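For reference, each letter of the sequence shown is one residue, going -24 to -1, 1 to 969 in mature numbering (1 follows the signal peptide of the UniProt record, and there is no 0).
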Amino acid sequence: MDCNPRSLLFILPLLLSCVIPAFPVIYPPNEVNLLDSKASQGELGWISYPSHGWEEISGVDEHYTPIRTFQVCNVMEYSQNNWLRTNWIPRQSAQKIYVELKFTLRDCNSIPLVLGTCKETFNLLYQDTDDDQGSHFREHLFTKIDTIAADESFTQMDLGDRILKLNTEVREVGPMTKKGFYLAFQDVGACVALVSVRVYFKKCPYIVRNLASFPDTIPMDSQSLVEVKGQCVNHSKEEEPPRMYCSTEGEWLVPIGKCLCNPGYEERSNTCQMCRAGFYKSTLGNMECSKCPPHSVSHHEGSLHCGCEKNYFRAEGDPASMACTRPPSAPRNVISSINETSVILDWSWPEDAGGRRDVTFTVLCKRCRGGAANGSNGGNLRCEPCRSNVHFLPRATGLHNTTVTVGDLLAHTNYTFEIEALNGVSSLAPKMRQYAAVTITTNQAAPSPVTVIRKEKTSRNSVSLSWQQPERPNGIILDYEIKYYEKEEQETSYTILRARGCNVTLNGLKPNTAYLLQIRARTAAGYGATSPSFQFETSPDSFSISSENSQVVLIAISSAVAIILLTVLLYVLIGRFCCHSKSKHPDEKRLHFGNGHLRLPGIRTYVDPHTYEDPSQAVHEFAKELDASCIAIDKVVGAGEFGEVCSGRLKLPSKKEICVAIKTLKGGYTDKQRRDFLAEASIMGQFDHPNIIRLEGVVTRSKPVMIVTEYMENGSLDSFLRKHDAQFTGIQLVGMLRGIASGMKYLSDMGYVHRDLAARNILVNSNLVCKVSDFGLSRVLEDDPEAAYTTRGGKIPIRWTAPEAIAYRKFTSASDAWSYGIVLWEVMSYGERPYWEMSNQDVIKAVDEGYRLPPPMDCPATLYQLMLDCWQKERNNRPKFEQIVSILDKLIRNPGSLKITANTTSRPANLLLDRSSSEVPSMGTLGDWMDGMRTLPCKEAFSGVSYSSCDTLAKTSTEDLKKVGVTIVGPQKKIVSSLKALDSHTKNGPVPV
């Protein structure tokens, strides 16, 4: 055998145990075998051509597992061409095929007496075909894959030492297009043994990722990835469509999206499994199931929530994670304190709140007849609900505190009060609700004051009066006490009469004298409170007229007074007309008014309350003092600079109750804080206009100090607009703006500067009427219309303030007009913040350099032009509020003008205001035009700019103007317009620009 090289390969099966592993081979999950020669238990049946070439050898390893190998070693012969072809291999759906060869190859140098040409390589070929060719074999139909060489070759010495190493080579074949293929091995003179042949392709195997299953996917024979859509596992839903990409190497890449377990299921081992009993999951997600909260249980798997135990409940708005709760126990330790016909009830919190924090209290009032008040005979009590006019303070239901005052009860009457504690589940368990009860008997109460007194008849020595019975008599009125005295005497000497009815005649009075009168009623409980003072006057001697001819005399007197007034009016008009040109000093036309201030006759002017030495004098001069008992505070709606802002009701005698807003001065205030607080009331009290917030009065003689104004249901304009974004028509918005402008015109006419005009300081009522408010920063103008008030420091609202007011602290009605332009922008943008997130310094710099806010979305062009007019840098060019009101009135009368928006059309020319002259004068020559342009606000941009002719100027566009520094839309449009006019002038004669 040593001299025959081919025979050396016959011992290979005896040596395979050295190179073949003794345990099963496990292939990667992404490889699918099409052929594995080691897996065959019988002969492989491959075709060898010629027949004496490749030989199939069978053997067993040390575990007696059959092994099939092929070997060839015809190195002793010349011109070898030995072929070995496999059976037909279906490729399934694979396009790229991998061939793994395990073989041994002998070193040619170790073979003695080699006659032929020895090779140490062999060829691997394939044939792509749609069907099995059987035993037909044609060499020319095969395509070469590669020449296979060995990394390790063995020698005779290796055989003796039983050291034999297998070579493993893997080659790619493809793309395959036919249904199957053959592999062939061509030997051209080597000594080689094929130990195993494995043919396989790669796939991306089935996988579950992010609770989505991805099927087996065979990659395409290209460099691109295959996108595969995943399918959510059972009991799950897509949060985002799950996808992954299959690479050509059979690897899953780039997981996108995921699935979430349904309610009642949790993620376990890449699946969604039901929650165990005693656990729940109420929402979609991959979180774990939660244990049932206290006083709840779930008996079944897959629970969405845990049911409550007996006598425990869960309110509709309670989350599933909240413990089940129950109604609270009854309130404890109820104490009543009776004061005539009112009672104060006080109690302690329930011992058991039911496990909740939303405990409130309800007080039920019952009027009882029969039995004793202390409840000793409570079984005989017959009770009915109290009458509707019984008053609870603060209220009867929804109480968060443990005290309530009940008023307007009947005297000497039994009442039972049931106090019930409620929480969020009380309505679910009506049989478990508990209450504490207390029965009381009211005392006898004195009658309330007489509020309505009428004068029936007056003579020189007597007067007849009548009045209405008190609103709450609290029993039978025995009589009335009438006390009266001369006003001059100030109660040093007075007279008292008593009357059983509701009328009396006072005799023995002095003619032509003023008297003050007070009345109080008396019952068995005593006298009630005294009525407010009522003033009346007796007639003079010359007016002692009998009742029969009094009507005739009154008609005559009225006619005489009318004639006199008409004569005086004519005299004044003629005198003013004749003497108008003779007046030398404006002060000669003024009249002194209070505290040294001057007012023009017939014209209301504003008086600065800060000029008063005593601020209370200004308050009482301009504001009405209210009795605190007439004011009922309902709730706190906000916080102001000095204290709380509340809503409530104001009920004045003989007037209907109205809703009001109440500003209170917090305790511990200083004198300065009190002065500043009341200064706003002193300012508001001077105004009377439908678009200015109305002052109802002040409370200064008791605490807390209060300012009471009309109530505006919709609050501040900016928040109201943000809440109702894009919900109003253009006409509605213009109507709101017209109201603001009308109010500002009134203030301007009074010589008053607001200084803080902004949408946040405009209030809106239920009818969408806008009213100017917040006069804390306002100041008075001097007599000169061009004069301004200079502030002594303090904060300035930069985004709403005119440039000159920021730079020099000069505030005028013109600076208010600038602020109105900002308010106009706020309204049309539905409460957007002016200049957005720019800092105050950036706003100052941008405005100074000519930047103006762009038009809001869908803003009518006419309104945006009005904004730009209000934002003129020169304050004298800004419109007066009178002009603004007129402009808005025209827009309301012509709503079609609001359809052209500033977003879709070029900005209109400045035609809204009637100005005496245009900003751009008419020009006759190119030089004149250039000189004129250099006098405009954009003159810096034209310095050093020259144009060769009018033709080049006429072609100038807005983009060209931007390049020379003209960036503001208004001047751009005006310059382009004037250029066109100038071009026409040079061709057809002068045309005004």
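All residues carry an ideal CB built from backbone N, CA and C; glycine is no exception.
It should be emphasised that the depicted structure is a prediction, and the values quoted were computed from it without experimental measurement.
query                                                                                                                                                                                     : result
Would you mind working out which of T640, H586, F598 sits nearest E608, comparing C-alpha positions?                                                                                      : Contrary to the premise, residue 608 reads as Ala rather than Glu in this sequence. Comparing Cα positions, the closest option is T640.
Could you give the C-beta distance for G330 and R302, rounded to a whole number, given that I count them as a contact under 8 Å?                                                          : 5 Å
If we count Cβ pairs, one from each stretch, closer than 8 Å, do we get three or more for the stretch 441 to 451 versus the stretch 631 to 649?                                           : no
How is H211 classed by DSSP in three states: helix, strand or coil?                                                                                                                       : coil
For the beta strand (DSSP E) holding S172, just list the boundary residues, first then last.                                                                                              : 167 to 178
If we require 3 or more residues per run, which beta strand (DSSP E) segments fall completely within the stretch 270 to 332?                                                              : 308 to 315, 318 to 324
Mind checking which residues open and close the beta strand (DSSP E) that includes T97?                                                                                                   : 97 to 105
Looking only at C-alpha atoms, which of G150, E115, T80 sits nearest to I124?                                                                                                             : T80
Name, in chain order, the residues that DSSP records as bridge partners for H367.                                                                                                         : G383
Looking at R345: is its Cβ nearer than 9 Å to the Cβ of C359?                                                                                                                             : yes
Which residues bound the beta strand (DSSP E) around Q249?                                                                                                                                : 247 to 250
If distances are taken between C-alpha atoms only, which option among D701, D845, Q494 comes closest to L473?                                                                             : Q494
Three-state secondary structure (DSSP) at I121?                                                                                                                                           : strand
What ranges does the alpha helix (DSSP H) occupy inside the stretch 643 to 711, keeping only unbroken runs of at least 4 residues that lie completely in it?                              : 647 to 660, 693 to 699
Can you tell me whether F857 is helix, strand or coil according to DSSP?                                                                                                                  : helix
Can you tell me whether DSSP reads S534 as helix, strand or coil?                                                                                                                         : helix
Could you spell out where the alpha helix (DSSP H) holding L60 opens and where it closes?                                                                                                 : It is not in any alpha helix (DSSP H) - L60 instead sits in the beta strand (DSSP E) that spans 58 to 61.
Considering D163, what are the terminal residues of the beta strand (DSSP E) in which it resides?                                                                                         : 156 to 163
State the beta-bridge partners of A413 as determined by DSSP.                                                                                                                             : E394
Would you kindly work out how many angstroms separate the C-alpha atoms of S313 and D322, rounded to a whole number?                                                                      : 8 Å
Identify, in the order they occur along the chain, each residue of the same chain with its Cβ nearer than 7 Å to the Cβ of V428, setting aside the five sequence neighbours on each side. : W443, Q444, S630
Between the C-alpha atoms of E7 and K205, what's the straight-line distance to the nearest angstrom?                                                                                      : 21 Å
With a threshold of 16 other CB atoms inside 10 Å of the CB of D845, please say whether the residue is buried or exposed.                                                                 : buried
Taking a contact to mean a Cβ-Cβ separation below 9 Å, would you say C237 touches L260 in this structure?                                                                                 : yes
Where do the ends of the beta strand (DSSP E) carrying P5 lie?                                                                                                                            : Neither: P5 is in no beta strand (DSSP E) and is coded neither H nor E.
Between which two residues does the alpha helix (DSSP H) containing T838 stretch?                                                                                                         : 837 to 846
Report the CB separation of F393 from V480 in whole angstroms; it is logged as a contact under 8 Å.                                                                                       : Contact doesn't hold; Cβ gap of about 42 Å is too wide.
So, using beta-carbon positions, are I868 and L829 closer together than 9 Å?                                                                                                              : no
Pairs of beta-carbons, one from the stretch 37 to 56 and one from the stretch 140 to 153, closer than 8 Å: are there three or more?                                                       : no
Would you mind sorting P836 into buried or exposed? The rule is 16 or more other CB atoms within 10 Å of its CB.                                                                          : buried
Exposed or buried, which one is S274 when buried takes at least 16 other CB atoms within 10 Å?                                                                                            : buried
Per the contact definition of three or more C-beta pairs closer than 8 Å, is the stretch 168 to 185 in contact with the stretch 12 to 19?                                                 : yes
Using a Cβ-Cβ cut-off of 6 Å (strictly less than) and excluding sequence neighbours within five positions of A291, which residues of its own chain qualify?                               : G400, V401
Helix, strand or coil for V803? Go by DSSP, reduced to three states.                                                                                                                      : helix
Considering only C-alpha positions, which residue in the set A306, H281, S305 is nearest to D294?                                                                                         : H281
Do E243 and R219 come within 9 Å of each other at the CB atom, strictly closer than that value?                                                                                           : no
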